[in-house]
Each structure stands twice: as C-alpha cells, then as structure tokens.
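Below: the structure, in structure tokens.
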Amino acid sequence: EGYSPTLKWQQQQVAHFSAVRQSLNKNRNHWQSQHLDSNVAMPKSEDEEGWKKFCLGERLYSEIEMLPDNENLGVDYIKVGFPPLLSIVSRMNQATVTSVLEYLMSWFGEKPFTPELGRWLYALLACLEKPLLPEAHSLIRQLARRCSEVRLLEENKNEERISALNLIICLVSRYFDQYDLADEPS
Amino acid sequence: QSEDSDVWDDTALIKAYDKAVASFKDA
Numbered sequence: 071e072g073y074s075p076t077l078k079w080q081q082q083q084v085a086h087f088s089a090v091r092q093s094l095n096k097n098r099n100h101w102q103s104q105h106l107d108s109n110v111a112m113p114k115s116e117d118e119e120g121w122k123k124f125c126l127g128e129r130l131y132s133e134i135e136m137l138p139d140n141e142n143l144g145v146d147y148i149k150v151g152f153p154p155l156l157s158i159v160s161r162m163n164q165a166t167v168t169s170v171l172e173y174l175m176s177w178f179g180e181k182p183f184t185p186e187l188g189r190w191l192y193a194l195l196a197c198l199e200k201p202l203l204p205e206a207h208s209l210i211r212q213l214a215r216r217c218s219e220v221r222l223l224e225e226n227k228n229e230e231r232i233s234a235l236n237l238i239i240c241l242v243s244r245y246f247d248q249y250d251l252a253d254e255p256s
Numbered sequence: 399q400s401e402d403s404d405v406w407d408d409t410a411l412i413k414a415y416d417k418a419v420a421s422f423k424d425a
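And the structure:
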C-alpha cells in the first residue's frame with residue numbers, strides 16, 4: 071500500500087520510454103561515430119568485474135571509502151563510474167547489452183540499489199531489442215522480481231529509490247509485455 | 399530544432415531516467 075503507481079503514471083512512462091528508444095535507434099550511427107575520450111576504456115564483453123567497475127565505479131565496487139575528489143580535477147569516472155552516455159551504449163551490441171545486464175543483475179542480487187545502478191539498468195533496457203532473446207527475457211523478469219523484493223524492504227516510502235524501482239517494474243512489465251509482473255494500479 | 403538538440407545530447411538517457419524517477423514523486 072502506498073508503493074504502487076497509478077495506471078496513468080505507468081502508461082506515461084511506457085510512452086516516454088518508447089520515444090527514448092526510438093530516438094536512440096534513430097541517432098545510433100551518429101553516437102557510434104563520436105570520438106570517445108581516451109579515459110573511456112570500455113571492457114571486453116566477457117569481463118564481468120570490469121563492467122561492474124566501469125558502470126558503478128571503483129568506489130562502489132570496492133566499497134572502500136576514498137578521499138573526496140579534488141574539485142579542480144573534475145569528476146573521476148574511474149572512481150564514480152561512467153554514466154550510460156549515448157556515445158557509450160551505442161557502441162554495445164546486443165550480446166554485450168545482455169551480458170552487462172546479467173553482470174549488473176548479479177551485483178543487484180547482493181548489493182543495494184543505487185542511482186548509478188538504476189541509470190545503467192534503464193539504459194540497458196532502452197538498448198534491448200525486441201523481440202527479446204530468451205536470456206534477455208529471463209533476465210528482465212528476474213530484474214522486476216528483484217526490484218519488487220527490494221521495494222518491499224524499503225521502509226521510507228518517499229525515497230527516490232521507491233520511484234526508481236517502480237519505474238523499472240513498470241517498464242519491464244508494461245513495455246516488455248511481462249504483465250503478470252505489473253503493479254496493480256493504485 | 400528539438401530533434402537536432404536530441405542528436406547532440408550525449409546524456410539523453412540519463413536525463414530521461416532522472417526525469418522519469420522524479421515524475422513518480424510528482425504524481
């Protein structure tokens with residue numbers, strides 16, 4: 071009670087997400103041709119730990135407290151994780167998208183949900199092609215179920231985390247046609 | 399013109415996610 075989003079909100083998110091996917095596909099060639107900074111070293115597809123560090127950052131990956139960044143040097147993406155920029159995700163083929171989703175799912179199975187994780191899960195869902203491959207199908211259902219479990223444990227309903235978990239459950243269930251996992255409209 | 403700005407915004411996916419998350423609270 072109090073967690074479940076309205077049907078209207080869910081339908082809006084599905085429409086926005088669909089528009090984001092169309093824009094991504096329309097401009098994919100443009101972003102693939104963009105130059106990436108030298109410090110953006112995308113891991114190999116099979117490098118699970120490399121992708122976890124790349125997406126979530128050394129700080130979160132190693133759970134070690136690091137000294138605050140020197141403001142003057144700008145953001146250290148190695149420490150905080152590279153955001154899912156279009157110039158990055160547009161370079162990932164479907165096999166890599168599915169592999170990274172699997173790696174982040176295994177992370178999410180044991181670790182808290184964070185904004186960095188949420189942004190990457192959203193970006194990977196945006197890149198997943200339909201019809202879904204069997205392993206992608208199973209992964210996104212696992213993701214929605216895990217979001218539901220984590221949401222149940224959330225004590226503070228007003229948390230941003232609730233909103234993000236609701237969003238992912240909504241997109242998996244209503245955009246990717248996994249209606250049995252959908253939230254009943256409140 | 400908005401379509402052009404679409405092309406040039408490397409952070410479009412991040413903004414879309416943050417906006418969607420914020421919209422739930424507003425709703």
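Residue numbers (the working numbering), protein chains in the order written: chain C, 71 to 256; chain D, 399 to 425.
A virtual CB, placed ideally from N, CA and C, is assigned to each residue, including glycine.
Given the structure is predicted, the values throughout are model-derived calculations rather than measurements.
| said: Excluding the 5 residues flanking L241 of chain C on each side, which residues of the same chain have their C-beta closer than 8 Å to its C-beta? | reply: If we look at L241 of chain C and ignore the five residues flanking it on each side, its Cβ neighbours are Q83, V84, F87, Y192, L195.
| Whole-angstrom Cβ separation of R161 of chain C and Q212 of chain C, contact assumed at under 8 Å? | Taking C-beta atoms under 8 Å as the contact rule, R161 of chain C and Q212 of chain C fail to qualify, at a distance of about 25 Å.
| task | Give a yes or no on whether the minimum CB-CB distance between P113 of chain C and chain E is below 8 Å. | result | Of the protein chains in the structure, C and D, none is chain E.
| message | Between which residues of its own chain and R98 of chain C is the CB-CB distance below 6 Å, once the five residues before and five after are set aside? | response | Cβ neighbours of R98 of chain C beyond the five flanking positions: S160.
| Any C-beta of chain D under 8 Å from that of H105 of chain C | For H105 of chain C, the answer is no, since every Cβ of chain D falls outside 8 Å of its Cβ.
| query | If you draw a straight line from the C-alpha of Q399 of chain D to the C-alpha of L94 of chain C, how long is it? | reply | Residue confidence is low: Q399 of chain D scores 49 on pLDDT, short of 50, so the model does not pin down where it sits. Its coordinate-derived value is still stated next. Rounded to whole angstroms, the separation of the alpha carbons of L94 of chain C and Q399 of chain D is 17 Å.
| message | Let me confirm a value: V170 of chain C is counted as buried when at least 16 other C-beta atoms fall within 10 Å, else exposed. Which label applies? | response | The residue is buried, with at least 16 neighbouring Cβ atoms inside 10 Å.
| Should P75 of chain C go down as buried or exposed, given a rule of 16 or more other Cβ atoms within 10 Å for buried? | Residue environment analysis places P75 of chain C among the buried positions, since at least 16 neighbouring C-beta atoms fall within 10 angstroms of its C-beta.
| field | Chain-ordered residues of the segment 230-251 of chain C with a beta carbon less than 7 Å from chain D | value | Going along the segment 230-251 of chain C in chain order, one finds E230, S233, A234, N236, L237 with a Cβ nearer than 7 Å to chain D.
| request: Pick helix, strand or coil for F422 of chain D, following the three-state DSSP scheme. | output: Helix at F422 of chain D.
| Using a C-beta to C-beta distance shorter than 7 Å, which residues of chain D count as neighbours of R189 of chain C? | Per Cβ cutoff of 7 Å: I412, Y415.
| field | Reduced DSSP secondary structure (H/G/I, E/B, other) of V145 of chain C | value | Coil at V145 of chain C, not helix or strand.
| request: Within 10 angstroms of the Cβ of D409 of chain D, are there 16 or more other Cβ atoms? Answer buried if so, exposed if not. | output: The displayed chain sequence assigns Thr, not Asp, to residue 409 of chain D. With fewer than 16 other Cβ atoms within 10 Å, it is exposed.
| request: List the residues of chain D that Q83 of chain C touches, going by C-beta distances under 7 Å, in chain order. | output: Within chain D, the residues near Q83 of chain C are A418.
| query | With 16 other CB atoms within 10 Å as the buried threshold, where does S132 of chain C fall? | reply | Classification of S132 of chain C: exposed, given that the 10 Å Cβ count is below 16.
| request: Pair every Cβ in the segment 200-211 of chain C with every Cβ in the segment 147-161 of chain C, then say whether three or more of these pairs are closer than 8 Å. | output: Flag = no, the segment 200-211 of chain C and the segment 147-161 of chain C do not touch.
| request: Quick one: which unbroken alpha helix (DSSP H) runs of 4-plus residues sit fully inside the segment 93-118 of chain C? Chain order, please. | output: Within the segment 93-118 of chain C, no complete alpha helix (DSSP H) run reaches 4 residues.
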